[in-house]
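Enquirer: Submitted below is the structure of interest, expressed as structure tokens.
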Amino acid sequence: MKSFISLFTVALLALGLAACSTPDARIQRNPEIFARLTPAQQEMIRHGQVGLGFTPEMVRLALGDADRVIQRQDETGTSEIWSYVTYDGPGGMPLYRGWYHRYYDWNDVRYPYYLNYPARRDREHFRVVFQDGKVTSIEQQTR
């Protein structure tokens, strides 16, 4: 029984670490994309920053997968908006940011049961707008 608990604990920790996604981890998984970038772009991505003109793959290296993706059409054309969300408790206390708590189950994104409760409020903290495959706008919550 003791060995089962130890094995279960190790497996759970391994799963948790595999779910963590930092710029360094994403760079290690995509070295060919990172190698094509200029030194200035590489430095920004290492620090989790994005810039105007970045491609979706560059933003994904810096920030990871977006929590929401929105398609917008207006008089300037079609754009794609990537939204990054944080979650707050009833009193406004930050609970977590969505991307590092998700896991995938049969190609569907799921969140752990303890993070999905009615009093949780989501708040967009970062937004990236793409047009013609390039970042044209970056919005970040400052307070």
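Here the sequence shown stands for residues -21 to -1, 1 to 122, numbered as in mature numbering (1 follows the signal peptide of the UniProt record, and there is no 0).
All C-beta atoms, glycine included, are put in the ideal place defined by N, C-alpha and C.
(1) Considering Cα atoms alone, identify which of Asn9, Thr121, Ser116 and Asp46 is closest to Asp101.
(2) Under a Cβ-count criterion, where at least 16 other Cβ atoms within 10 Å of its own Cβ denotes burial, should Gln120 be classed as buried or exposed?
(3) Apart from the five residues on each side of it in sequence, which residues of its chain come closer than 6 Å, Cβ to Cβ, to Gln110?
(4) My output table needs one value for Glu103: the three-state DSSP class, helix, strand or coil.
Expert: Judging by the given coordinates:
(1) Asp46
(2) exposed
(3) Ser58
(4) strand
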